[in-house]
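Peer 1: Per this note's numbering, the very first residue in the sequence shown carries number 269; after that it's consecutive.
Backbone N, C-alpha and C fix where the C-beta goes; we use that ideal spot for every residue, glycine too.
Since we're looking at a predicted model, the values are computed, not measured.
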Amino acid sequence: MPAATNKTDLLAAFDKDLAKLRKTLDGVDEARSCLSTPEDQTTIKGVIAHRTHWMGMFHVWYEDGVAGREVHVPARGYKWNQLKEYNASLYARGNETPWAGLLSEFESACDKLRRFIEAQDDVTLYSSGVHPWTGKWSLGRFAEASGPSHFRSANSYIRKVLRTASRG
269 MPAATNKTDL
279 LAAFDKDLAK
289 LRKTLDGVDE
299 ARSCLSTPED
309 QTTIKGVIAH
319 RTHWMGMFHV
329 WYEDGVAGRE
339 VHVPARGYKW
349 NQLKEYNASL
359 YARGNETPWA
369 GLLSEFESAC
379 DKLRRFIEAQ
389 DDVTLYSSGV
399 HPWTGKWSLG
409 RFAEASGPSH
419 FRSANSYIRK
429 VLRTASRG
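Next up, the structure:
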(Lines of atoms letter the chains of each structure in order from A and count residues from 1; the text may use other names and numbers.)
(Lines give C-alpha, C1' and ligand atoms only; values in the text may rest on other atoms or scores of the structure.)
Protein backbone atom coordinates (compact mmCIF):
# COMPACT_ATOMS: atom_id res chain seq x y z
CA MET A 1 0.00 0.00 0.00
CA PRO A 2 1.50 3.36 -0.99
CA ALA A 3 2.12 5.90 1.74
CA ALA A 4 -0.48 8.61 2.22
CA THR A 5 0.38 12.03 0.83
CA ASN A 6 -2.33 14.09 2.51
CA LYS A 7 -4.34 14.23 5.72
CA THR A 8 -7.50 12.79 4.18
CA ASP A 9 -5.70 9.69 2.89
CA LEU A 10 -3.79 9.32 6.16
CA LEU A 11 -7.00 9.35 8.20
CA ALA A 12 -8.62 6.90 5.77
CA ALA A 13 -5.66 4.52 6.12
CA PHE A 14 -5.70 4.96 9.89
CA ASP A 15 -9.40 4.10 10.17
CA LYS A 16 -9.28 1.21 7.69
CA ASP A 17 -6.20 -0.48 9.15
CA LEU A 18 -7.28 0.03 12.75
CA ALA A 19 -10.73 -1.42 11.99
CA LYS A 20 -9.11 -4.56 10.55
CA LEU A 21 -6.85 -4.93 13.58
CA ARG A 22 -9.73 -4.38 15.99
CA LYS A 23 -11.75 -7.07 14.20
CA THR A 24 -8.86 -9.52 14.64
CA LEU A 25 -8.45 -8.53 18.29
CA ASP A 26 -12.15 -9.14 18.98
CA GLY A 27 -11.36 -12.86 19.06
CA VAL A 28 -8.48 -12.53 21.51
CA ASP A 29 -8.95 -13.04 25.25
CA GLU A 30 -6.36 -13.14 28.04
CA ALA A 31 -5.35 -16.74 27.29
CA ARG A 32 -5.06 -16.22 23.54
CA SER A 33 -3.16 -12.96 24.04
CA CYS A 34 -0.26 -15.05 25.37
CA LEU A 35 0.05 -17.03 22.14
CA SER A 36 3.04 -16.64 19.84
CA THR A 37 4.55 -18.34 16.83
CA PRO A 38 7.14 -21.03 17.48
CA GLU A 39 9.65 -19.12 15.34
CA ASP A 40 9.99 -15.94 17.37
CA GLN A 41 8.01 -16.25 20.60
CA THR A 42 6.58 -12.73 20.32
CA THR A 43 3.16 -12.88 21.95
CA ILE A 44 0.07 -11.04 20.86
CA LYS A 45 0.38 -9.07 24.11
CA GLY A 46 3.92 -8.12 23.17
CA VAL A 47 2.85 -6.92 19.74
CA ILE A 48 0.13 -4.68 21.17
CA ALA A 49 2.48 -3.30 23.84
CA HIS A 50 5.06 -2.59 21.12
CA ARG A 51 2.59 -0.77 18.85
CA THR A 52 1.26 1.25 21.79
CA HIS A 53 4.76 2.31 22.79
CA TRP A 54 5.72 3.49 19.31
CA MET A 55 2.57 5.58 18.96
CA GLY A 56 3.64 7.24 22.21
CA MET A 57 7.17 7.75 20.90
CA PHE A 58 5.76 9.67 17.93
CA HIS A 59 4.33 12.23 20.35
CA VAL A 60 7.61 12.40 22.30
CA TRP A 61 9.52 13.12 19.09
CA TYR A 62 7.02 15.73 17.97
CA GLU A 63 6.83 17.48 21.35
CA ASP A 64 10.62 17.52 21.73
CA GLY A 65 11.00 18.93 18.22
CA VAL A 66 8.40 21.66 18.75
CA ALA A 67 10.01 22.59 22.07
CA GLY A 68 13.43 22.85 20.43
CA ARG A 69 14.83 19.95 22.41
CA GLU A 70 17.03 17.27 20.92
CA VAL A 71 14.87 14.59 19.30
CA HIS A 72 16.08 11.06 19.94
CA VAL A 73 14.94 8.96 17.00
CA PRO A 74 14.33 6.09 17.43
CA ALA A 75 15.00 6.39 21.19
CA ARG A 76 17.58 7.91 23.48
CA GLY A 77 20.79 5.88 23.27
CA TYR A 78 19.58 3.68 20.38
CA LYS A 79 20.15 3.57 16.64
CA TRP A 80 17.76 2.02 14.15
CA ASN A 81 19.96 -1.08 13.89
CA GLN A 82 19.54 -1.66 17.65
CA LEU A 83 15.75 -1.90 17.63
CA LYS A 84 15.67 -5.64 18.26
CA GLU A 85 17.31 -5.07 21.65
CA TYR A 86 15.14 -2.04 22.42
CA ASN A 87 11.90 -3.76 21.40
CA ALA A 88 12.67 -6.85 23.51
CA SER A 89 11.89 -4.87 26.65
CA LEU A 90 8.60 -3.68 25.14
CA TYR A 91 7.53 -7.23 24.35
CA ALA A 92 8.51 -8.37 27.84
CA ARG A 93 6.53 -5.57 29.47
CA GLY A 94 3.54 -6.54 27.36
CA ASN A 95 3.81 -10.14 28.51
CA GLU A 96 3.57 -9.01 32.14
CA THR A 97 0.57 -6.72 31.63
CA PRO A 98 -3.05 -7.92 31.84
CA TRP A 99 -4.68 -8.06 28.42
CA ALA A 100 -7.53 -5.70 29.31
CA GLY A 101 -5.00 -3.09 30.46
CA LEU A 102 -2.97 -3.44 27.27
CA LEU A 103 -6.05 -3.03 25.12
CA SER A 104 -7.08 0.05 27.07
CA GLU A 105 -3.61 1.60 26.65
CA PHE A 106 -3.65 0.72 22.97
CA GLU A 107 -7.05 2.31 22.40
CA SER A 108 -5.96 5.46 24.25
CA ALA A 109 -2.81 5.68 22.12
CA CYS A 110 -4.85 5.21 18.94
CA ASP A 111 -7.30 7.92 19.97
CA LYS A 112 -4.48 10.33 20.81
CA LEU A 113 -2.69 9.76 17.51
CA ARG A 114 -5.88 10.10 15.47
CA ARG A 115 -6.81 13.33 17.29
CA PHE A 116 -3.30 14.64 16.60
CA ILE A 117 -3.60 13.89 12.88
CA GLU A 118 -7.07 15.48 12.73
CA ALA A 119 -5.71 18.67 14.31
CA GLN A 120 -2.99 19.12 11.66
CA ASP A 121 -3.17 20.49 8.15
CA ASP A 122 -1.56 19.12 4.98
CA VAL A 123 1.28 21.64 5.14
CA THR A 124 2.26 20.56 8.66
CA LEU A 125 1.89 16.88 7.84
CA TYR A 126 3.40 16.68 4.37
CA SER A 127 5.73 19.60 3.65
CA SER A 128 9.41 18.77 3.78
CA GLY A 129 11.63 20.66 6.18
CA VAL A 130 8.83 21.66 8.56
CA HIS A 131 10.15 19.26 11.21
CA PRO A 132 13.92 18.80 10.82
CA TRP A 133 13.99 15.68 13.01
CA THR A 134 11.94 13.78 10.42
CA GLY A 135 14.81 13.84 7.92
CA LYS A 136 13.63 12.82 4.45
CA TRP A 137 10.23 11.72 5.76
CA SER A 138 7.35 14.07 6.40
CA LEU A 139 5.59 14.30 9.75
CA GLY A 140 2.62 12.56 8.14
CA ARG A 141 4.84 9.67 7.06
CA PHE A 142 6.09 9.32 10.64
CA ALA A 143 2.48 9.33 11.87
CA GLU A 144 1.60 6.66 9.32
CA ALA A 145 4.55 4.51 10.35
CA SER A 146 3.53 4.86 14.00
CA GLY A 147 -0.14 4.09 13.34
CA PRO A 148 -1.57 2.53 10.16
CA SER A 149 1.63 0.75 9.08
CA HIS A 150 1.99 -0.73 12.54
CA PHE A 151 -1.69 -1.69 12.57
CA ARG A 152 -1.21 -3.61 9.29
CA SER A 153 1.87 -5.48 10.46
CA ALA A 154 0.30 -6.26 13.85
CA ASN A 155 -2.84 -7.56 12.18
CA SER A 156 -0.82 -9.82 9.86
CA TYR A 157 1.27 -11.18 12.71
CA ILE A 158 -1.67 -11.74 15.08
CA ARG A 159 -3.68 -13.49 12.36
CA LYS A 160 -0.66 -15.75 11.74
CA VAL A 161 -0.41 -16.55 15.46
CA LEU A 162 -4.11 -17.33 15.65
CA ARG A 163 -3.96 -19.55 12.51
CA THR A 164 -0.96 -21.42 13.92
CA ALA A 165 -2.75 -21.94 17.25
CA SER A 166 -5.91 -23.23 15.58
CA ARG A 167 -3.88 -25.85 13.68
CA GLY A 168 -1.98 -26.99 16.75
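Distance check for L393 and H418, CA to CA, integer angstroms please.
Peer 2: C-alpha separation (whole angstroms): 18 Å.
Peer 1: Tell me, which residues are paired with A343 by DSSP?
Peer 2: Answer is Y346.
Peer 1: Taking only three categories from DSSP, how would you classify M323?
Peer 2: M323 falls in the helix class under three-state DSSP.
Peer 1: Counting along the chain, where does the alpha helix (DSSP H) carrying A433 start and finish?
Peer 2: Per DSSP, A433 belongs to the alpha helix (DSSP H) from 416 to 435.
Peer 1: Which stretch, first to last residue, makes up the alpha helix (DSSP H) that contains G403?
Peer 2: Premise fails: G403 is in no alpha helix (DSSP H) and is neither H nor E.
Peer 1: Assuming A377 and M323 make a contact with CB atoms under 8 Å, what is their CB distance in whole Å?
Peer 2: At roughly 4 Å, the Cβ-Cβ gap stays under 8 Å, so A377 and M323 are in contact.
Peer 1: Alpha carbon to alpha carbon, what distance is there between L286 and D332?
Peer 2: D332 and L286: Cα-Cα distance of roughly 27 Å.
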